[in-house]
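Below: the structure, in structure tokens.
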Amino acid sequence: MQGRYGAYGADRLTRFLLIVWLVLFVVTSFLRVRGLQLLPLLILVYMYFRLMSRNIPARYKENETYLRMTAGVRTRLNGLKRKRVTGDNAYHIYTCPNCSQKIRIPSGKGRIMVHCPRCSNEFLKVS
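Shown next, in the form of structure tokens:
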């Protein structure tokens, strides 16, 4: 595998193609449409071609094009995942009007007095 593009694992485009292949394989096994059954095979052949290719600059360029085309969708999905994992929806971030310190307060507490840890200023906010 030395000198091959897939020697260090599959890139994002190959992983995407694997998911598409898996979905198409399951769908075509249930639908039994003749022309559609060839598509998963072609995707599988292309995946292995990418993994075994020695033309590393071309495979790298294909992957970069894929990443550029899907950047917006991936950014939105990562933002949703981050919010779900870290619980960012449980807090509001407010800025102190006196010193511009950012302060995180819990959501859903109603009207609360926020105490700034930097300048000891207190101000009213709705969480």
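For the sequence shown, the numbering used here begins at 2 and goes up steadily by one.
For each residue, glycine too, the CB sits at the ideal point set by N, CA and C.
Classification of residue i by the beta-carbon crowding that lies within 10 angstroms, buried from 16 upward
i	result
Cys-117	buried
Cys-100	exposed
Thr-76	exposed
CA nearest to the CA of residue i, picked from the options
i	options	result
Cys-120	Ala-72, Ile-104, Leu-18	Ile-104
Tyr-95	Gly-80, Leu-78, Met-114	Met-114
Leu-52	Gln-102, Ala-11, Lys-110, Pro-98	Ala-11
Pro-98	Thr-71, Leu-39, Glu-123	Glu-123
Own chain residues within Cβ distance below 7 Å of residue i, not counting five before or after
i	result
Pro-41	Trp-22, Leu-25, Phe-26, Thr-29
Arg-112	Leu-125, Val-127
Pro-107	Ala-91, Tyr-92, Ser-128
Met-70	none
8 Å CB neighbourhood of residue i in its chain, flanking five on each side removed
i	result
Ile-44	Leu-18, Val-21, Trp-22, Leu-25
Glu-63	Leu-14, Arg-51
Val-74	none
Tyr-47	Leu-18
Whole-angstrom C-beta distance between residue j and residue i, which should lie under 8 Å
i	j	result
Arg-13	Tyr-67	6 Å
Exercise. What alpha helix (DSSP H) runs, 4 residues minimum, are completely inside the segment 43–128?
Worked result: When DSSP assignments are scanned along the segment 43–128, the uninterrupted stretches of alpha helix (DSSP H) that are 4 or more residues long and fall wholly within it turn out to be 57–70, 72–87.
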